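Asks: Residue numbers (UniProt numbering): 1 to 365.
This is the structure:
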């Protein structure tokens, strides 16, 4: 992976890499991203149909390296970088997370994500504003106690991990869903370099592209109203008249990645995601969290397409095709009047396609 350029000036400690995938190494992901390790080589449970576990087998037979794109961008932050500049760099480079490099320890020590930015805003906005501005001056390495980003606490040091294993995509899916994380670094154990940040979206895209080489299971022809895939009760939504701070509170409490914005009749009007929150940093609007969701949606700097929806009568195959081709993280299930009835996310699909046939319920366990 070659370093092409560094983003920013004035000694900004941000490295941007445009990597070209080389010869396949022995790639492993780290088990100490979380407490405990996922079960490896789990026996498949008896399936209700002969072809029900076709995607389970497919994911077991491919390792994480297989899903790495031919070329991709990777942004790495030095832990001496100011927190404020780090979030600006995420926005400028269009990424949602970055591995953290400790120059003293000469290893990766964590991840900085949009979740950290949301937690900081949610915790300190109602305090005197000076506290937020003081927090801006903190370096990532200075984050301690209440200031410490959630992801920084997850150790990434290769040399401290005695149980490195070759990970299949099946193992990666289990880890992402079980521990409710959105990104999994793929690390070369020999060099200690982060090669890629694996996500739900990348895994489903890999399956969508290369899964055409295997027979399609018959359950893909079932309608979404016939299968128990998605969230259809206690759906997290936000009204147009609610504030951005209200949305932040729901993100923190419900641990969801996006919120349907609805009117008084419950009809979908927009979708507000975690990535929209990080754009508050670019617009320097994080001291104006009292603006309504309607104002926040209309002031988005980037052009956002309409909400991608699905309907109860559509088949599972149709939904998978739509979410994979659009490269989104979820579809909003609506009725004929556009009233929100549920959410079908990447996590829901990966659980149903890969883990459920193996007798594993990682999403709700």
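A virtual CB, placed ideally from N, CA and C, is assigned to each residue, including glycine.
Values in this document were obtained by computation on a predicted structure and should not be read as measured data.
To the nearest angstrom, how far is the alpha carbon of residue 195 from that of residue 172?
Replies: So the two alpha carbons sit approximately 15 Å from each other.
Asks: Counting only the same chain and skipping the five closest in sequence on each side, list residues whose C-beta sits under 7 Å from that of residue 142.
Replies: none
Asks: Would you mind giving the Cβ-Cβ distance between residue 259 and residue 272, rounded to the nearest angstrom? I have them listed as a contact below 8 Å.
Replies: In this structure, residue 259 and residue 272 form a Cβ contact; the two beta carbons are roughly 5 Å apart against a cut-off of 8 Å.
Asks: Please give the ranges of any beta strand (DSSP E) in the stretch 205–267, keeping only runs that are unbroken, at least 3 residues long and fully inside the region.
Replies: 258–262
Asks: Are the CB atoms of residue 373 and residue 229 nearer to each other than 9 Å?
Replies: No answer is possible for residue 373: it lies beyond the span of the chain, which begins at 1 and ends at 365.
Asks: Since I believe residue 350 is in contact with residue 177 (beta carbons under 8 Å), could you give me their beta-carbon distance rounded to a whole number of angstroms?
Replies: With a Cβ gap of about 7 Å, residue 177 and residue 350 count as contacting.
Asks: Quick test of your reading: residue 333 and residue 341, contact by CB under 8 Å. State the CB separation rounded to the nearest angstrom.
Replies: 5 Å
Asks: If you draw a straight line from the alpha carbon of residue 82 to that of residue 121, how long is it in whole angstroms?
Replies: 16 Å
Asks: Name the one or two DSSP bridge partners that residue 110 has.
Replies: As computed with DSSP, residue 110 is found in a beta bridge with 100.
Asks: Suppose contacts are defined by Cβ-Cβ distances below 9 Å. Is residue 203 in contact with residue 169 by that definition?
Replies: yes
Asks: Using DSSP's beta-bridge definition, name the partner residues of residue 63.
Replies: 168
Asks: Would you decide whether residue 362 is buried or exposed? Buried here means 16 or more other CB atoms lie within 10 Å of its CB.
Replies: buried
Asks: Taking Cβ positions, are residue 366 and residue 79 nearer each other than 9 Å?
Replies: With the chain running from 1 to 365 in the structure shown, residue 366 is simply not present.
Asks: Does residue 61 pass the burial test, meaning 16 or more other C-beta atoms within 10 Å, or should it be called exposed?
Replies: exposed
Asks: Determine whether the beta carbon atoms of residue 99 and residue 108 lie at a separation below 9 Å.
Replies: Against a cut-off of 9 Å, the Cβ pair of residue 108 and residue 99 comes out as a contact.
Asks: So, residue 267 versus residue 338, is the Cβ gap smaller than 9 Å?
Replies: In contact: residue 267 and residue 338 (Cβ atoms closer than 9 Å).
Asks: So, at 6 Å on beta carbons, what are the nonlocal neighbours of residue 117 in its own chain, with the 5 sequence-adjacent residues on each side left out?
Replies: 87, 278
Asks: Can you check DSSP and say which residues form a bridge with residue 272?
Replies: 259
Asks: Is DSSP giving residue 185 helix, strand or coil here?
Replies: strand
Asks: Are there 16 or more other CB atoms within 10 angstroms of the CB of residue 90, so buried, or fewer, so exposed?
Replies: buried
Asks: When you compare each of 248, 137, 181, 308 to residue 322 by their alpha carbons, which one comes out closest?
Replies: 308
Asks: Beta-carbon separation of residue 224 and residue 311 under 9 Å?
Replies: yes
Asks: Taking the C-alpha atoms as reference points, what is the distance between residue 187 and residue 269?
Replies: 40 Å
Asks: Exposed or buried, residue 193, counting other C-beta atoms within 10 Å across all chains shown (16 or more means buried)?
Replies: buried
Asks: Taking the alpha-carbon of residue 242 as reference, which of 283, 293, 207, 315 has the nearest alpha-carbon?
Replies: 293
Asks: Nearest by alpha-carbon distance to residue 329: which of 336, 346, 191, 357 is it?
Replies: 346
Asks: Under the three-state reduction of DSSP, which class applies to residue 330: helix, strand or coil?
Replies: strand
Asks: Buried or exposed: where does residue 209 fall if 16 or more other Cβ atoms within 10 Å of its Cβ makes it buried?
Replies: exposed
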